[in-house]
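A quick write-up on the structure given underneath.
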Amino acid sequence: MSRSIVSDGAAGEEAKAAGLSGTDLSAMELAVFAERRKRRTRVRLQVWAIRCAVAIAFIGGWYFASRRGLINPLFVSSPDAVAKGLVSQLGQAEFWTDVTATFAGALAGLAAGGFLGIVTGVVFSRSEVLERAATPFLTLANSLPRPALAPIFILWFGLGFAPKALVAGSVVYFVLLTSTLAALRGIDHDVVQLTRSLSMSPVQRFLKIELPAALPSIVGALRLGAVYAVLGAVLSEMVGAYYGLGQRLVVLTSNFKVADSFAVLLFMGVMSMVLDYAIKGLEQLVASRSR
Numbered sequence: 027m028s029r030s031i032v033s034d035g036a037a038g039e040e041a042k043a044a045g046l047s048g049t050d051l052s053a054m055e056l057a058v059f060a061e062r063r064k065r066r067t068r069v070r071l072q073v074w075a076i077r078c079a080v081a082i083a084f085i086g087g088w089y090f091a092s093r094r095g096l097i098n099p100l101f102v103s104s105p106d107a108v109a110k111g112l113v114s115q116l117g118q119a120e121f122w123t124d125v126t127a128t129f130a131g132a133l134a135g136l137a138a139g140g141f142l143g144i145v146t147g148v149v150f151s152r153s154e155v156l157e158r159a160a161t162p163f164l165t166l167a168n169s170l171p172r173p174a175l176a177p178i179f180i181l182w183f184g185l186g187f188a189p190k191a192l193v194a195g196s197v198v199y200f201v202l203l204t205s206t207l208a209a210l211r212g213i214d215h216d217v218v219q220l221t222r223s224l225s226m227s228p229v230q231r232f233l234k235i236e237l238p239a240a241l242p243s244i245v246g247a248l249r250l251g252a253v254y255a256v257l258g259a260v261l262s263e264m265v266g267a268y269y270g271l272g273q274r275l276v277v278l279t280s281n282f283k284v285a286d287s288f289a290v291l292l293f294m295g296v297m298s299m300v301l302d303y304a305i306k307g308l309e310q311l312v313a314s315r316s317r
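With this note's numbering, you'll find the sequence shown wraps up at 317, consecutive numbering, no jumps.
Right under this line is the structure:
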């Protein structure tokens, strides 16, 4: 946005140098803004047209294949059956209990794992020795398969809330740690030298220079972490849980209720998209503030 303001200001100076009046200059600026607005609207319409075309083609092809017997409805079902299964489950109180359990576990894992990952990234950016000492252990911990961790957490903490939050947090932690450390280490060396020449304290340098510069990358990593948090929570529930969409999915597939299973998968995708768009809004806010 600042670049556009500078370019508009430069255009205004050029117009003044060319002898244009204030009225002509205002009309030219309005024309430029109108053209940009038209272009944004045109791009937005094209994006939605492509999205709708892909969705229609996918659902239409699925419906045609199921009606013509090209696919086995026992294993793949059909779009109308999935829609009916989703509507039917939305009216069940038990379904919303499962949604709440999964969503709460994913959010807890996202919050705890994200916070610890950011803090660890900040600490490592301050101490190269500590980072190099801890890297082998963190690499070993990150390489552990999450499906193997889920039954261990369930053995330790039971079938309640804790295992799904821990599995989700274990995934998010490493995503935020890597992004935070890379963002803080990627700050321009000249900027760091300038802050030292101005006798800024480490706290001032972090709050006024480093944190604002790293925030867009950190918030962007949260978008990826939100999706992984839902996957981690569902994975833990599939291994074992009292409530949750993962446990519901296991029960439905075990009873060959394919349409209802696809309906649960669809709802999981929508839930992940809601989290992603919420954090995307936060990312845009942070990006606008950091300009």
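Ideal Cβ positions, reconstructed from N, Cα and C, are used throughout, including at glycine. Please read all numbers here as calculations on a predicted model, not as lab measurements.
Euclidean distance between Cα positions of residue i and residue j
i: L261; j: T279; result: 15 Å
i: A267; j: L185; result: 5 Å
i: R320; j: A57; result: Absent from the model: residue 320. The displayed extent of the chain is 27 to 317, so no value can be given.
i: L308; j: L112; result: 30 Å
i: L203; j: F141; result: 9 Å
i: A289; j: F59; result: 44 Å
i: S227; j: F150; result: 18 Å
i: A167; j: R70; result: 43 Å
i: G35; j: W88; result: Note that G35 scores 49 on pLDDT, short of 50, meaning its location in the model is unreliable; the coordinates nonetheless yield the value given after this. Going from the Cα of G35 to the Cα of W88 covers about 54 Å.
i: L116; j: W122; result: 7 Å
i: T146; j: T67; result: 42 Å
i: Q230; j: M264; result: 47 Å
i: A174; j: F163; result: 18 Å
i: F183; j: E120; result: 23 Å
i: E154; j: P238; result: 22 Å
Test item: CB-CB of residue i and residue j under 8 Å
i: S26; j: V108; result: Lying before the first or after the last residue shown, residue 26 is absent from the chain, which here runs from 27 to 317.
i: G258; j: G135; result: yes
i: A255; j: A194; result: yes
i: T128; j: G272; result: yes
i: P189; j: F179; result: yes
i: L275; j: E236; result: no
i: F187; j: A130; result: yes
i: V284; j: L100; result: yes
i: R249; j: I305; result: yes
i: V245; j: D302; result: no
Range covered by the alpha helix (DSSP H) that runs through residue i
i: I97; result: Looking at the DSSP string, I97 is not in any alpha helix (DSSP H), and its letter there is neither H nor E.
i: R190; result: For the sequence presented, residue 190 should be read as Lys rather than Arg. First-last of the alpha helix (DSSP H) with K190: 187 to 211.
i: S114; result: 105 to 116
i: P177; result: 172 to 183
i: S153; result: S153 -> no alpha helix (DSSP H), and no H or E assigned at all.
i: S280; result: 271 to 280
i: A252; result: 237 to 265
Candidates the options, of which the one nearest residue i by Cα
i: T206; options: Y303, G143, W122; result: G143
i: V198; options: F183, G212, A137; result: A137
i: F282; options: M54, A239, Q72, N98; result: N98
i: P242; options: A132, R152, L311; result: L311
i: S169; options: S196, E154, R158, V245; result: S196
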